[in-house]
Structures are given as C-alpha cells and as structure tokens.
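Asker: Handing you this structure, nothing more for now.
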Amino acid sequence: MSEINFLEPEKLQLLWLVAVLFLFGIFIWVLKLRFRPPRTSGSKYPFLGKMKFWFALTVSLALCVVAWARPFLEKGTVSIKRGNAEIVFVVDYSASMFLKDTGWARVDIAGREIAKVLSNGVIRKGDRTAVFVFGKIFSPRIFLTRDTDLFSSEIGKIGRPKVLRSNDLYWGSAIGASLRRTFEALDRQDMVAEFGKESDGWRPKNRRDRLIIFLSDGDFFNYGSDEEARLRAGLERENLNGSLREFKKRGLVIYSLGIGTQAGAPLTDILKDYKKDGYDQNIETDLKGQFSRLNLTNLNYLAAVTGGKTFAIEHMSGDASGFIKTAIDRHRSTFIEPILEQERQELWLYALLSALAVFVLGLLFTKF
Numbered sequence: 002m003s004e005i006n007f008l009e010p011e012k013l014q015l016l017w018l019v020a021v022l023f024l025f026g027i028f029i030w031v032l033k034l035r036f037r038p039p040r041t042s043g044s045k046y047p048f049l050g051k052m053k054f055w056f057a058l059t060v061s062l063a064l065c066v067v068a069w070a071r072p073f074l075e076k077g078t079v080s081i082k083r084g085n086a087e088i089v090f091v092v093d094y095s096a097s098m099f100l101k102d103t104g105w106a107r108v109d110i111a112g113r114e115i116a117k118v119l120s121n122g123v124i125r126k127g128d129r130t131a132v133f134v135f136g137k138i139f140s141p142r143i144f145l146t147r148d149t150d151l152f153s154s155e156i157g158k159i160g161r162p163k164v165l166r167s168n169d170l171y172w173g174s175a176i177g178a179s180l181r182r183t184f185e186a187l188d189r190q191d192m193v194a195e196f197g198k199e200s201d202g203w204r205p206k207n208r209r210d211r212l213i214i215f216l217s218d219g220d221f222f223n224y225g226s227d228e229e230a231r232l233r234a235g236l237e238r239e240n241l242n243g244s245l246r247e248f249k250k251r252g253l254v255i256y257s258l259g260i261g262t263q264a265g266a267p268l269t270d271i272l273k274d275y276k277k278d279g280y281d282q283n284i285e286t287d288l289k290g291q292f293s294r295l296n297l298t299n300l301n302y303l304a305a306v307t308g309g310k311t312f313a314i315e316h317m318s319g320d321a322s323g324f325i326k327t328a329i330d331r332h333r334s335t336f337i338e339p340i341l342e343q344e345r346q347e348l349w350l351y352a353l354l355s356a357l358a359v360f361v362l363g364l365l366f367t368k369f
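Residue numbers (the working numbering): 2 to 369.
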C-alpha cells in the first residue's frame with residue numbers, strides 16, 4: 002500500500018464524507034438495537050439486517066472515491082551501485098625498470114598501464130588516486146586527489162629518463178624503506194584531513210576502500226654474492242617485513258603488477274639507447290656483470306602477506322586492465338539504488354470493479 006501513488010490526491014478528501022456516512026449508519030444501527038421490541042418465542046433478530054446494504058454502499062462509495070483519485074504504481078527496478086575507492090599506484094623507478102627485455106622499457110609499460118586505467122573509465126568520479134615512485138629514494142609524485150587532470154599529467158611523466166646520471170635517484174631499490182614511506186605519506190595526509198595538522202594523538206584506521214597497485218619487476222635484493230651484499234639484502238628483508246606488518250594494520254592490500262621477462266637481461270643493455278657522451282662513463286663500469294629478471298617470488302610475497310594478488314606482463318603487448326579493474330572493484334562498497342521508470346500501472350479500474358462487487362454483494366445479502 003505504501004507504494005501506491007495518486008494522480009489527483011486532492012479528491013481523496015471526499016473520503017471524510019464517506020466516513021461520516023459510515024459513522025451515521027453505525028449510529029442508526031445502534032439505535033435500532035437499543036429500541037427494538039423484546040425478544041419473544043419464535044421471533045428473529047438479525048445482527049445487521051437491512052444495514053448490510055448501507056454498509057456495503059458506503060464501502061462502495063469509498064472505493065469509487067479512490068478510483069476517482071487515479072491510483073497507480075510506478076514500475077521500477079533496482080541497480081547495484083559501487084562506492085568510491087582510493088587507489089595508490091607505487092611505481093618502481095630503479096635502473097632495472099629501464100630495461101627493454103619486453104620490447105618496451107619496463108617503466109614505460111608501467112606508465113602505460115596506469116594511463117589505461119584512467120582512459121578506460123576504471124577510475125570513476127569520486128575516486129581518489131595517488132602516484133608514488135621509488136628508486137634509490139622514495140618520491141611521491143602526487144598525493145591522494147580527485148583531480149584527474151593532475152593525475153593524468155603526473156603519470157604522463159613516468160618513463161625512462163632522457164639523461165642518465167650516476168648520482169640520480171634510480172640506482173637501487175630500497176623496497177622496505179619505500180613501502181614504509183608509502184604508508185607514512187598516507188598517514189600524514191589522513192592526519193591532516195582529520196585534525197587539520199599533524200597530531201601525536203592520531204591513530205591510523207583500517208581502510209577497506211584503499212588499495213596499493215605495485216608496479217615493479219620484483220628485482221629488489223640483487224646486491225651481489227659477497228658477504229656485504231648478503232648482509233645488505235638481509236637487512237632490507239627485515240625492513241620489508243616491518244613495513245608489511247604496518248600495511249596489514251591499516252588494511253592496505255598490495256596488488257603486484259610484475260613487468261619484465263623471466264629470462265631477463267644484463268643491466269648494461271640500458272645504455273644502448275643513450276649516446277656515450279650522454280651519460281657518466283662510470284655508470285657503464287658499475288653496471289657490468291649485473292643482471293635483472295622478473296622476480297615473481299618477491300612480488301607474490303608482497304601480495305600474499307597483505308591479501309592481494311599478482312599479475313605479470315612479459316611482453317609489451319600484455320594488458321593488465323582487467324587485473325587492475327578487478328582489484329579496484331574488490332575495494333568498492335556495494336549498495337542497492339532503486340530506479341524509477343516513466344511507465345505507470347493504473348489501478349483505478351481495479352478500485353471501480355471492487356466497488357461494484359461490494360455493491361452487488363450488499364444487494365444479494367440484504368432482504369428488503
């Protein structure tokens with residue numbers, strides 16, 4: 002009944018008149034009961050008698066008024082809607098990402114896959130996005146924002162550098178420290194959003210709507226085989242595990258997108274696209290003997306610890322759009338929204354037929 006609407010609801014005011022007539026009938030019926038002769042042997046006293054017709058007439062009149070007001074039901078459906086998400090893209094910008102073993106530079110593929118997410122409409126109005134890059138040190142490109150133009154501008158800058166310098170950011174992957182700075186940057190933004198400033202009393206919250214898309218070749222611990230290199234790798238693994246524990250506290254899930262081939266390539270291949278006078282000659286000496294390949298074991302570890310998944314692109318024609326969309330949709334809340342259509346289901350004929358049926362029944366059951 003709550004879903005019934007009326008095209009002319011003002012005509013329902015006449016129901017007050019019907020109610021008065023109904024109450025008048027009850028009053029007459031009570032008087033007849035009060036003043037009827039005492040019961041004698043063989044006499045019959047029907048409970049309603051001829052008042053049946055009066056009551057049937059008032060009900061029929063009420064249904065006629067309802068029909069006159071043009072009742073109807075709006076035809077509608079429901080739509081399943083998804084809430085907003087906060088997507089943080091973390092891009093590996095270490096030297097190994099400049100290799101072209103897939104046909105394109107690994108880092109160029111990373112930029113392309115992020116750009117496709119925006120152009121394909123996977124990122125929707127209301128979503129917030131961020132882009133962080135890390136090489137030797139961590140460098141946020143853009144913090145969480147709803148500004149898609151700014152986001153598009155920043156991801157357009159992700160690619161191989163035009164000039165190589167030995168003191169630049171990209172000669173190493175401090176993965177543990179980079180992930181720590183990732184959640185610290187997000188914490189700082191959340192803190193300022195909540196308190197307007199940094200506060201010692203703030204505590205991070207578990208966020209179901211936030212996720213990390215991690216784009217890398219997974220080549221994190223390639224420090225060499227001597228004792229010092231093994232110590233550095235061991236320390237870096239400890240830092241990584243500490244950062245992942247903090248990720249789990251915040252509900253930050255990592256979805257690893259591996260880029261590269263498992264056959265790999267020597268790091269000196271990076272220099273093929275640069276003129277010899279376009280980079281420091283010490284770089285060639287430093288890169289000799291170093292090799293990089295896609296390491297899915299490391300990427301699977303990041304995803305498994307935080308509850309995410311892994312996908313690999315091993316050729317420049319690979320496409321991670323479906324993987325990224327599925328990952329983002331996992332972190333969207335779901336709710337149901339009704340959708341009303343223009344068509345109406347008129348009910349006035351049903352009300353009029355009901356009025357006629359009540360009137361006929363009143364005649365049949367009343368003896369005049």
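Note that CB positions come from ideal geometry on N, CA and C, so glycine has one too.
Which of the three DSSP states is assigned to L350 in this structure?
Answerer: helix
Asker: Between the Cα of Y280 and those of Q346, V164 and A313, spot the shortest distance and give me the residue it belongs to.
Answerer: V164
Asker: By the 10 Å Cβ neighbour count, where 16 or more other Cβ atoms means buried, how is E9 classified, buried or exposed?
Answerer: exposed
Asker: For S211 and L245, which I take to be in contact (beta-carbon distance under 8 Å), what is that distance rounded to the nearest angstrom?
Answerer: Ser is not the amino acid found at residue 211; the sequence shown has Arg there. Contact doesn't hold; Cβ gap of about 16 Å is too wide.
Asker: Quick one: grab the DSSP three-state call for V108.
Answerer: helix
Asker: In the DSSP assignment, find the unbroken alpha helix (DSSP H) run with G259 in it and report its ends.
Answerer: Unbroken run through G259 is the beta strand (DSSP E), V254 to I260; no alpha helix (DSSP H).
Asker: Looking at C-alpha atoms only, which residue of A175, R238 and I88 is the closest neighbour of V118?
Answerer: I88
Asker: DSSP on R129, reduced to helix/strand/coil?
Answerer: strand
Asker: Select from L62, L216, F152 and P205 the residue whose C-alpha is nearest the C-alpha of I176.
Answerer: L216
Asker: Measure how close the beta-carbons of D128 and A186 come, nearest whole angstrom, since I'm counting them as under 8 Å.
Answerer: Taking C-beta atoms under 8 Å as the contact rule, D128 and A186 fail to qualify, at a distance of about 18 Å.
Asker: Would you list, in sequence order, the uninterrupted alpha helix (DSSP H) runs of no fewer than 4 residues that lie entirely inside the segment 145 to 214?
Answerer: List check, alpha helix (DSSP H) in window: 149 to 156 and 176 to 196.
Asker: What are the boundary residues of the beta strand (DSSP E) that includes A264?
Answerer: According to the DSSP assignment, A264 belongs to no beta strand (DSSP E), since it is labelled neither H nor E.
Asker: State the Cα-Cα distance for the pair R107 and A321, rounded to the nearest angstrom.
Answerer: 13 Å
Asker: If I measure Cβ to Cβ from R181 and keep anything under 8 Å in the same chain, skipping five residues before and after, which residues do I get?
Answerer: N240, G243, S244 and E247
Asker: Would you mind sorting I27 into buried or exposed? The rule is 16 or more other CB atoms within 10 Å of its CB.
Answerer: exposed
Asker: Counting C-beta neighbours from all protein chains within 10 Å, is the total for W17 16 or more, i.e. buried, or is it exposed?
Answerer: exposed
Asker: State buried or exposed for D330, treating a residue as buried only when at least 16 other CB atoms are found within 10 Å of its CB.
Answerer: Flag for D330 reads exposed.
Asker: Provide the residue span of the beta strand (DSSP E) that contains N85, from first to last.
Answerer: Segment: none, N85 is in no beta strand (DSSP E) and carries neither H nor E.
Asker: Can you give me the C-alpha to C-alpha distance between R189 and I115, rounded to a whole angstrom?
Answerer: The straight-line gap separating the alpha-carbon atoms of R189 and I115 is approximately 24 Å.
Asker: Could you work out which residue in F324, S355 and F222 is closest to L62 when comparing CA atoms only?
Answerer: Out of F324, S355 and F222, S355 has the C-alpha closest to the C-alpha of L62.
Asker: Which residues bound the beta strand (DSSP E) around I314?
Answerer: T311 to I314
Asker: So, is L365 buried or exposed, given that buried needs 16 or more other C-beta atoms within 10 angstroms?
Answerer: exposed
Asker: Starting from F366, trace the alpha helix (DSSP H) in both directions and tell me its first and last residue.
Answerer: Element bounds for F366: n/a, residue is neither H nor E.
Asker: Short check: CB of A352 to CB of Y256, under 8 Å?
Answerer: Contact check for A352 against Y256 fails: the beta carbons are separated by 8 Å or more.
Asker: Between the alpha carbons of G219 and Q291, how many angstroms are there, rounded?
Answerer: C-alpha separation (whole angstroms): 15 Å.
Asker: Just curious, the alpha helix (DSSP H) that N6 is in, first and last residue?
Answerer: Counting along the chain, N6 falls outside any alpha helix (DSSP H), though it belongs to the beta strand (DSSP E) covering I5 to F7.
Asker: At which residues does the alpha helix (DSSP H) containing G323 begin and terminate?
Answerer: S322 to D330
Asker: Using 10 angstroms around the beta-carbon of R83, count the other beta-carbons present and answer buried if the total reaches 16, otherwise exposed.
Answerer: Taking all protein chains shown into account, R83 has fewer than 16 neighbouring C-beta atoms within 10 Å of its C-beta and is therefore exposed.
Asker: Whether or not the segment 267 to 276 and the segment 188 to 203 are in contact is what I'm after, with contact meaning three or more pairs of Cβ atoms, one per stretch, closer than 8 Å; do they touch?
Answerer: no
Asker: Beta-carbon within less than 8 Å of F56's beta-carbon, same chain only, minus the 5 sequence neighbours each way: which residues are those?
Answerer: The residues are F23, G26, L49 and G363.
Asker: Helix or strand or just coil, what does DSSP make of Y275?
Answerer: coil
Asker: Note the first and the last residue of the continuous alpha helix (DSSP H) segment covering Q14.
Answerer: Q14 -> no alpha helix (DSSP H), and no H or E assigned at all.
Asker: How far does the alpha helix (DSSP H) with D287 in it extend, from its first residue to its last?
Answerer: Q282 to L288
Asker: Express the C-alpha separation of F36 and W69 in angstroms, rounding to a whole number.
Answerer: 39 Å
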